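Down below is the structure, laid out as structure tokens.
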Amino acid sequence: NAGVIQTPRHKVTGKGQEATLWCEPISGHSAVFWYRQTIVQGLEFLTYFRNQAPIDDSGMPKERFSAQMPNQSHSTLKIQSTQPQDSAVYLCASSLDKGLRDFSAETLYFGSGTRLTVL
Amino acid sequence: GDSVTQTEGLVTLTEGLPVMLNCTYQTIYSNPFLFWYVQHLNESPRLLLKSFTDNKRTEHQGFHATLHKSSSSFHLQKSSAQLSDSALYYCALTPGTNAYKVIFGKGTHLHVLP
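Those protein sequence lines, which keep their order, are chains P and C.
No gaps in the numbering here: position 42 of the first sequence is 55 in my numbering, and each next residue is one more.
No gaps in the numbering here: position 72 of the second sequence is 1526 in my numbering, and each next residue is one more.
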């Protein structure tokens, strides 16, 4: 079990450029989450998918951020026209849905993150 | 909306002393799940312990916490701090049944001195 895989580990972009971050969840996990981590704000929820369907994107800055999950083995987070305030560690996590009615207690398994630096 | 509030910033204490990291939460739902995640330097967050049951103590790796719905609290405690406990600790909340979004507090840095 390789765990959640995120690529790249580090990404540096110029202001106004686009950044695409990749996440491969643990095989068999049906829920995928994206978080942004900064020293000031901690772990901020961005969006999550369940069985590839977008469920809640209430944390996403709507104008420049988008996320997709085209198949069960990967998800992408795209940031258009990056700004210096987007600099952060972006963490992807996956969770196993055992098919029970209440899945609220499932553990999140985090990837190593992508450190985005916008110059 | 749903939120989690933690002891902010840095908590520094000497090895062997007790640890208590505060966590309170707000939610309109009556059956939330509460979690503590720990993140060591250059690692990703990982689950430390979780609870759903009111007034029941949950323990793992020497740490314990009790969910108190009456005070909306889920404080993390350990009787004797170790150097290896130095890390960033996050309290988190899943508001309730079928509310899968996990909301984290801002985190508390614990620094244990020899």
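C-beta atoms are modelled at their ideal positions from N, C-alpha and C, and glycine is treated no differently.
Predicted model only: the values in this text are computed from it and were never measured.
Simplified DSSP state of residue i, which is helix, strand or coil
i: L1503/C; result: strand
i: Q98/P; result: helix
i: D1456/C; result: coil
i: L1537/C; result: helix
i: K1532/C; result: strand
i: D1508/C; result: coil
i: V17/P; result: coil
i: E37/P; result: strand
i: G1463/C; result: strand
i: H42/P; result: coil
i: V1566/C; result: strand
i: Q1493/C; result: strand
i: T1548/C; result: strand
i: L109/P; result: coil
Cβ neighbour criterion (16 or more within 10 Å) applied to residue i
i: R1511/C; result: exposed
i: E76/P; result: exposed
i: T1562/C; result: buried
i: V102/P; result: buried
i: A15/P; result: exposed
i: Q1460/C; result: buried
i: G1559/C; result: buried
i: G1463/C; result: exposed
i: I52/P; result: exposed
i: A66/P; result: exposed
i: L1495/C; result: exposed
i: L1471/C; result: exposed
i: T1481/C; result: buried
Residues sharing a beta bridge with residue i, DSSP
i: N84/P; result: H87/P
i: E57/P; result: R49/P
i: L1475/C; result: L1530/C
i: P67/P; result: F62/P
i: E1513/C; result: H1518/C
i: I128/P; result: The sequence shown places Arg at residue 128/P, rather than the Ile named in the question. Answer is H23/P, V102/P, bridged to R128/P.
Pick from the options that is closest to residue i, judged by C-alpha positions
i: L1537/C; options: G1455/C, V1458/C, T1466/C; result: T1466/C
i: V1473/C; options: D1539/C, G1559/C, L1547/C; result: D1539/C
i: W35/P; options: I52/P, A80/P, G55/P; result: A80/P
i: C1477/C; options: P1568/C, V1556/C, L1547/C; result: L1547/C
i: Q96/P; options: V17/P, A66/P, E31/P; result: E31/P
i: L1521/C; options: H1514/C, N1496/C, K1504/C; result: K1504/C
i: H23/P; options: E119/P, S108/P, I68/P, L104/P; result: L104/P
i: T20/P; options: L132/P, K91/P, L121/P, S108/P; result: K91/P
i: R49/P; options: E119/P, H87/P, P74/P; result: P74/P
i: E1497/C; options: Q85/P, Y122/P, P38/P, T130/P; result: Y122/P
i: F46/P; options: L129/P, T26/P, E37/P, T60/P; result: T60/P
i: P38/P; options: F62/P, T26/P, D70/P; result: F62/P
i: P1486/C; options: Y1479/C, P1549/C, S1527/C; result: P1549/C
i: S40/P; options: G27/P, N64/P, S94/P; result: N64/P
Any C-beta of chain P under 8 Å from that of residue i
i: I1482/C; result: no
i: L1501/C; result: yes
i: K1555/C; result: yes
i: G1463/C; result: no
i: Y1543/C; result: no
i: G1470/C; result: no
Interface flag, residue i vs chain C, CB-CB below 8 Å
i: F58/P; result: yes
i: G55/P; result: yes
i: L132/P; result: no
i: L34/P; result: no
i: L129/P; result: no
i: F123/P; result: yes
i: D70/P; result: no
i: T20/P; result: no
Near the ligand GDP: residue i beta-carbon under 7 Å from a heavy atom
i: E1462/C; result: You won't find the ligand GDP in this model; it holds no ligand whatsoever.
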